[in-house]
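> Counting from 2, one number per residue, gives the positions in the sequence shown under the numbering used here. A virtual CB, placed ideally from N, CA and C, is assigned to each residue, including glycine. Being a predicted model, the structure only gives us computed values, none of them experimental.
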Amino acid sequence: MLRQRGLLAAVGLAVSIGLTAPALAVDLTVGATRGTPSIDPHFQSSIVNYEHNINIFEPLVRFNNNNKIEPWLAESWKVVDDTTWEFKIRPNVKWHDGSPLTAEDIAFTYKRAQNVPNSPSPLTNYLRQIKETQVVDDHTLRVITKGPAPTLLNFLVSVLIVSKKHGENATTEDYHTGKAMIGTGPYTFESWSPNDRMVMVRNEDYWGPKPPWDKLTYLGMPNDASRIAAVLSGDIDVALSLPPTDVERLKKDSRVNVYDRPANRLVFMAVDVNPEALDSGKITGPNGEKLTENPLANKKVRQALELSINLDAFVDRVYRGLALATGQYLQEDMFGYIPGLDKWQYDEAKAKQLLEESGWAGKFKLTLATSDSAFRLSIPAVQALAQSWSRIGVPTDVTIMPHPVFLQERNDRKLPIYLASWTNPAGRAEDLYLPILHSRDPKAGFGTLNMARYSNPKVDKLIEEGLTTMDDAKREALFVEAGRIAMDDAVMVPLWMPSEAVATRKGITYDMRADGLNFVQNIKPEK
Numbered sequence: 002m003l004r005q006r007g008l009l010a011a012v013g014l015a016v017s018i019g020l021t022a023p024a025l026a027v028d029l030t031v032g033a034t035r036g037t038p039s040i041d042p043h044f045q046s047s048i049v050n051y052e053h054n055i056n057i058f059e060p061l062v063r064f065n066n067n068n069k070i071e072p073w074l075a076e077s078w079k080v081v082d083d084t085t086w087e088f089k090i091r092p093n094v095k096w097h098d099g100s101p102l103t104a105e106d107i108a109f110t111y112k113r114a115q116n117v118p119n120s121p122s123p124l125t126n127y128l129r130q131i132k133e134t135q136v137v138d139d140h141t142l143r144v145i146t147k148g149p150a151p152t153l154l155n156f157l158v159s160v161l162i163v164s165k166k167h168g169e170n171a172t173t174e175d176y177h178t179g180k181a182m183i184g185t186g187p188y189t190f191e192s193w194s195p196n197d198r199m200v201m202v203r204n205e206d207y208w209g210p211k212p213p214w215d216k217l218t219y220l221g222m223p224n225d226a227s228r229i230a231a232v233l234s235g236d237i238d239v240a241l242s243l244p245p246t247d248v249e250r251l252k253k254d255s256r257v258n259v260y261d262r263p264a265n266r267l268v269f270m271a272v273d274v275n276p277e278a279l280d281s282g283k284i285t286g287p288n289g290e291k292l293t294e295n296p297l298a299n300k301k302v303r304q305a306l307e308l309s310i311n312l313d314a315f316v317d318r319v320y321r322g323l324a325l326a327t328g329q330y331l332q333e334d335m336f337g338y339i340p341g342l343d344k345w346q347y348d349e350a351k352a353k354q355l356l357e358e359s360g361w362a363g364k365f366k367l368t369l370a371t372s373d374s375a376f377r378l379s380i381p382a383v384q385a386l387a388q389s390w391s392r393i394g395v396p397t398d399v400t401i402m403p404h405p406v407f408l409q410e411r412n413d414r415k416l417p418i419y420l421a422s423w424t425n426p427a428g429r430a431e432d433l434y435l436p437i438l439h440s441r442d443p444k445a446g447f448g449t450l451n452m453a454r455y456s457n458p459k460v461d462k463l464i465e466e467g468l469t470t471m472d473d474a475k476r477e478a479l480f481v482e483a484g485r486i487a488m489d490d491a492v493m494v495p496l497w498m499p500s501e502a503v504a505t506r507k508g509i510t511y512d513m514r515a516d517g518l519n520f521v522q523n524i525k526p527e528k
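Next up, the structure:
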């Protein structure tokens with residue numbers, strides 16, 4: 002919560018806003034849909050982990066608010082040849098303990114991030130192109146790739162740099178206790194409670210622009226009503242991820258400012274077509290009996306499930322129009338968008354016909370899963386989909402679980418059909434297709450989030466070729482074809498892209514990002 006400190010706090014705040022001079026400090030409390038289950042920045046590929054940790058650790062390069070790559074810990078770079086990138090590390094950047102950032106730290110990070118024990122979704126997909134790193138001097142690093150790597154910068158955005166001194170022998174638990182939480186970012190670590198809260202203090206020696214907030218607290222507040230009530234009462238300063246059902250009402254409330262923008266976050270349905278999916282007990286006969294075949298392996302069954310979903314009506318009813326019913330993996334202005342491929346047209350009669358043709362009509366039922374905070378309005382969304390399927394003769398139960406439980410169940414293959422979301426910061430096909438559509442091989446960095454084990458050799462080949470094709474037009478054509486095939490397979494099914502909406506207390510502004518990520522650097526006092 003924004004609190005002024007000291008007898009002359011009000012004067013101090015005015016000075017800090019109006020004159021950009023040192024001022025008495027203020028605190029900021031941000032209510033998020035969930036806390037982070039880990040603060041090891043390399044333990045898992047997780048948006049919530051990244052949003053918390055980017056205040057303490059920083060990447061070599063980053064995306065600005067409009068998805069353009071900009072220098073960060075690297076002040077510049079050049080392509081020496083098709084397999085060699087040279088980065089100049091920003092001078093005078095210090096770790097929170099006062100020691101200097103060097104190229105050795107970057108090289109160490111890129112090795113560590115691929116080898117974190119027990120990682121449920123490792124960062125190898127972001128670094129799989131790297132063959133080796135060469136430290137030229139303290140401020141020059143060369144990255145040698147296994148082949149042409151035109152998308153290297155996009156992937157490096159997602160890898161936060163850690164200190165070699167503090168991280169070389171550190172375990173994930175050392176990060177959780179705070180022992181290894183030594184970064185270069187605008188905030189230093191104070192405390193963390195798993196899935197609950199994280200507290201950070203302003204880094205007075207930060208190399209970049211000083212943040213206006215003395216102390217930053219992230220609170221995991223999965224209940225939308227509680228989060229909204231807290232920002233209206235002033236108990237928190239920012240409420241993230243507003244439900245669309247409340248946006249119009251809040252825009253009329255004089256106590257808050259409301260900001261919204263379409264985000265590069267895809268909600269998709271993952272379908273496990275493998276025989277092992279039956280072991281979950283969530284695909285059964287009509288009376289709960291165990292099946293010997295997986296009905297989801299039949300393409301006509303999957304197509305029937307798709308056609309029963311009226312995406313346009315769904316977005317209007319559930320999201321009040323604050324979402325894009327895409328039926329594609331990418332928005333129209335994104336790299337790899339498939340021109341001329343419209344979303345499927347809702348057709349309940351055709352869906353029933355396909356079920357009959359498949360031979361599975363009336364012979365199975367499903368349990369559709371998601372987490373309570375996998376994406377905005379995940380609970381009514383999953384309930385609406387289940388109703389759509391029940392109407393065509395596929396009885397569908399719903400299971401909704403806390404996000405950490407959902408992640409574990411999903412990773413253990415106990416959820417044969419589920420809804421999840423993925424943020425695509427760059428808005429490019431490769432950033433989505435590599436972790437989601439490529440056959441799963443975490444050690445090689447492929448399919449790290451493909452927990453449904455979707456696998457099509459043609460899609461794999463196109464993705465791999467696209468990742469090493471330097472010509473933009475040829476590379477995009479490869480990803481377009483990969484997307485067409487995957488869409489036709491109807492296993493990883495794109496549904497919609499929600500808009501992101503945020504409320505702040507009066508006196509605070511918020512600069513929305515195209516990727517939908519919520520960074521505290523975008524929260525500022527109103528001028």
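Could you pull out every unbroken alpha helix (DSSP H) segment of at least 4 residues lying fully inside the region 177-244, listed in chain order?
225-234
> Which same chain residues end up closer than 7 Å to Thr449 when comparing Cβ atoms and leaving out the 5 residues on each side of it in sequence?
In the sequence shown, counting from the first residue as 1, residue 449 sits at position 448. Cβ neighbours of Thr449 beyond the five flanking positions: Ser46, Ser122, Pro123, Thr125, Asn126, Pro436, Pro443.
> Is the beta carbon of Arg198 sitting closer than 8 Å to the one on Thr218?
Here residue 198 refers to the residue found at position 197 of the sequence shown. Here residue 218 refers to the residue found at position 217 of the sequence shown. Cβ distance < 8 Å, so Arg198 and Thr218 count as in contact.
> Please report the Cβ distance between Asn523 and Asp512, rounded to the nearest whole angstrom; I am assuming they are in contact, meaning their Cβ atoms lie under 8 Å.
Residue mapping note: residue 523 aligns to position 522 of the sequence shown, counting from 1. Residue mapping note: residue 512 aligns to position 511 of the sequence shown, counting from 1. Rounded, the Cβ-Cβ distance is 4 Å, consistent with contact.
> Spell out a yes or no on whether the region 354-369 and the region 392-406 are touching, meaning 3 or more CB-CB pairs, one atom from each, closer than 8 Å.
yes
> For the region 206-226 and the region 144-155, state whether three or more C-beta atom pairs, one from each stretch, are separated by less than 8 Å.
no
> Take Leu369 and list the residues in its own chain whose beta-carbon comes closer than 8 Å to its own, dropping the five residues that flank it on each side.
To locate residue 369, count along the sequence shown from 1; it is residue 368. So the qualifying residues of the chain are Val383, Leu386, Ala387, Trp390, Thr397, Asp398, Val399, Thr400, Ile418, Tyr419, Leu420.
> Under 8 Å: do the region 459-475 and the region 216-236 share three or more Cβ pairs, one atom per stretch?
no
> Leaving out five residues on either side along the sequence, give the residues of the same chain with a beta carbon under 6 Å from the beta carbon of Lys459.
Here residue 459 refers to the residue found at position 458 of the sequence shown. Within the same chain, Lys459 has close Cβ partners Ile486.
> Would you kindly work out how many angstroms separate the C-alpha atoms of Gln332 and Tyr188, rounded to a whole number?
Counted from its first residue, the sequence shown places residue 332 at position 331. Counted from its first residue, the sequence shown places residue 188 at position 187. Computed Cα separation, rounded: 34 Å.
> By DSSP, does Ala171 sit in helix, in strand, or in coil?
The sequence position of residue 171 within the sequence shown is 170, counting from 1. In the structure shown, Ala171 sits in coil (DSSP, three-state: anything other than H, G, I, E or B).
> Specify the secondary structure class of Gln135 as computed by DSSP and reduced to three states.
By 1-based counting over the sequence shown, the position of residue 135 is 134. Strand.
> Is Gly322 helix, strand or coil when you go by DSSP?
Position 321 of the sequence shown, counted from the start, is the residue given in the question as residue 322. Assigned with DSSP and collapsed to three states, Gly322 falls in coil, not helix or strand.
> Comparing alpha-carbon positions, which option in Ala504, Lys525, Gly508 lies nearest Gln249?
Here residue 249 corresponds to residue number 248 of the sequence shown, with the count starting at 1. Residue 249 is actually Glu in this sequence, not Gln. When only C-alpha atoms are compared, the closest one is Ala504.
> Among all the DSSP beta bridges, which residues are the ones paired with Leu369?
Position 368 of the sequence shown, counted from the start, is the residue given in the question as residue 369. Answer is Val399, bridged to Leu369.
> Whose C-beta lies closer than 6 Å to the C-beta of Gly428 among residues of the same chain, with five residues either side of it excluded?
In the sequence shown, residue 428 corresponds to position 427, counting from 1. For Gly428, where only same-chain residues beyond five positions count, the Cβ hits under 6 Å are Asn68, Asn265, Met335.
> Could you compute how far the alpha carbon of Leu323 sits from the alpha carbon of Thr510?
Along the sequence shown, one-based indexing puts residue 323 at 322. Along the sequence shown, one-based indexing puts residue 510 at 509. Distance between the alpha carbons of Leu323 and Thr510: 21 Å.
> From the DSSP output, in three-state form, read off Val503 for me.
For the purposes of this step, residue 503 is taken as the residue at position 502 of the sequence shown. Look at Val503 here: in three-state DSSP terms it is strand.
> Assuming Val272 is part of the beta strand (DSSP E), what are its boundary residues?
Working through the sequence shown from its first residue, we reach residue 272 at position 271. Per DSSP, Val272 belongs to the beta strand (DSSP E) from 266-272.
> Roughly how many angstroms lie between the CA atoms of Leu29 and Asn412, to the nearest whole one?
For the purposes of this step, residue 29 is taken as residue 28 along the sequence shown, with counting starting at 1. For the purposes of this step, residue 412 is taken as residue 411 along the sequence shown, with counting starting at 1. Using only the alpha carbons, I get a separation of about 35 Å.
> Taking DSSP as the reference, what is the three-state secondary structure of Met335?
Here residue 335 corresponds to residue number 334 of the sequence shown, with the count starting at 1. In the structure shown, Met335 sits in coil (DSSP, three-state: anything other than H, G, I, E or B).
> Would you check if the distance between the CB atom of Pro60 and the CB atom of Val158 is smaller than 8 Å?
One-based indexing of the sequence shown puts residue 60 at position 59. One-based indexing of the sequence shown puts residue 158 at position 157. Yes, the Cβ-Cβ distance between Pro60 and Val158 is below 8 Å.
> Can you check which of these residues, His177, Gly484, Leu243, Asp215, is closest to Gly341 by C-alpha distance?
Residue mapping note: residue 341 aligns to position 340 of the sequence shown, counting from 1. Ranking the options by Cα distance to Gly341, first place goes to Gly484.
> Is it buried or exposed, Lys283, if we count other Cβ atoms within 10 angstroms and call 16 or more buried?
Numbered from its first residue, the sequence shown carries residue 283 at position 282. Classification for Lys283: buried.
> Counting pairs of beta carbons, one from the region 295-314 and one from the region 488-498, are three or more of them closer than 8 Å?
yes
> Val268 and Ala453 look like a contact to me (Cβ under 8 Å); what is the Cβ gap, rounded to whole Å?
One-based indexing of the sequence shown puts residue 268 at position 267. One-based indexing of the sequence shown puts residue 453 at position 452. Their Cβ separation, rounded to whole angstroms, is 15 Å, which puts Val268 and Ala453 out of contact at 8 Å.
> Between His167, Leu154, Tyr455, which has its C-alpha nearest Ile70's C-alpha?
Taking the sequence shown and counting its residues from 1, the one referred to as residue 70 is at position 69. It is Leu154.
> Answer yes or no: do Phe88 and Ala108 have a C-beta to C-beta separation smaller than 8 Å?
Translated into positions along the sequence shown, residue 88 becomes position 87. Translated into positions along the sequence shown, residue 108 becomes position 107. No; because the gap between Cβ atoms is not below 8 Å, this pair is not in contact.
> Where Arg113 and Lys528 are concerned, what is the direct C-alpha to C-alpha distance, given to the nearest angstrom?
Here residue 113 corresponds to residue number 112 of the sequence shown, with the count starting at 1. Here residue 528 corresponds to residue number 527 of the sequence shown, with the count starting at 1. Looking at the two C-alpha atoms, the distance is approximately 42 Å.
> Taking the alpha-carbon of Thr34 as reference, which of Ala181, His53, Lys165 has the nearest alpha-carbon?
Position 33 of the sequence shown, counted from the start, is the residue given in the question as residue 34. Answer by Cα proximity: His53.
> Using DSSP's beta-bridge definition, name the partner residues of Met493.
Taking the first residue of the sequence shown as 1, we reach residue 493 at position 492. Paired residues: Ala271.
> Please list the segments of the alpha helix (DSSP H) lying wholly inside the region 65-143, counting only runs of 4 or more residues, in order along the chain.
104-113, 125-128
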